[in-house]
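As structure tokens, the structure follows; a few thoughts come after it.
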Amino acid sequence: MIALFLLSLALSTDAFAASLARGVRARERHLPTALGSGLIFGTTEGVMCLLGWMGGSLFAGSIARFDHWIALVLLGIIGARMIREGLQHDTDDAQTARMTLIGTLVTAIGTSVDSATVGVALALAGTSAYAAIAIGSASFLASTVGFMIGPMLGARFGHRAEIAGGTVLILIGAFIFYEHAVLGAA
136 MIALFLLSLA
146 LSTDAFAASL
156 ARGVRARERH
166 LPTALGSGLI
176 FGTTEGVMCL
186 LGWMGGSLFA
196 GSIARFDHWI
206 ALVLLGIIGA
216 RMIREGLQHD
226 TDDAQTARMT
236 LIGTLVTAIG
246 TSVDSATVGV
256 ALALAGTSAY
266 AAIAIGSASF
276 LASTVGFMIG
286 PMLGARFGHR
296 AEIAGGTVLI
306 LIGAFIFYEH
316 AVLGAA
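Under the working numbering, the letters of the sequence shown match residues 136 to 321, in that order.
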């Protein structure tokens with residue numbers, strides 16, 4: 136349960152950072168706009184995770200002997216990429232995308248690709264598909280809050296959120312590996 140909470144929090148940092156950047160650029164910061172943006176980000180994140188989980192479930196039985204290695208590598212790669220992006224401080228797609236429905240959707244898809252990969256890892260770890268709801272809900276909340284507080288915190292905080300999220304993903308991958316390889320948990 137704690138691992139799922141931390142995973143949801145980690146995955147929501149991309150959505151938070153993107154929404155924070157979009158909030159900085161928005162001319163009008165109304166709650167309905169923030170909620171709409173949050174709904175797009177949360178739904179996209181949850182659906183991508185579920186799609187990854189479904190794909191991972193198809194192969195879970197045949198790769199159970201080394202699934203912890205897959206989770207370690209996948210979460211490690213995603214986490215390292217998030218940390219690298221957080222350290223680059225480059226202008227990203229979230230900052231340059233236009234403030235339109237299509238721009239929001241494209242940004243949401245871009246930030247949720249990691250969730251599909253995490254969905255595969257969750258399926259291999261035997262986690263319920265309901266985890267996608269937790270991940271989508273966390274992204275909804277993070278996106279809504281990010282959009283609303285964007286002007287107050289500025290774009291720099293988004294980079295720190297990505298670094299923290301990447302670190303958490305790497306630690307979760309290491310925990311899954313430790314649990315399965317060292318402790319022998321099924």
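Backbone N, C-alpha and C define an ideal beta-carbon position, used for all residues, glycine too.
- Remark: C-beta atoms of residue 274 and residue 176 approach each other more closely than 7 Å.
- In this structure, the alpha-carbon of residue 249 lies about 8 Å from that of residue 146.
- Using a 10 angstroms sphere on the CB of residue 157, the tally of other CB atoms reaches 16 or more, which defines it as buried.
- Contact between the stretch 305-318 and the stretch 178-190 is absent: fewer than 3 CB-CB pairs across the two stretches fall below 8 Å.
- In chain order, 279, 282, 283 place their CB closer than 7 Å to the CB of residue 169, counting only its own chain and leaving out the 5 sequence neighbours on each side.
- For residue 303, the CB contacts under 6 Å within the same chain, skipping 5 residues up- and downstream, are 141, 145 in chain order.
- Within the stretch 185-272, no run of beta strand (DSSP E) reaches 3 residues while sitting entirely inside it.
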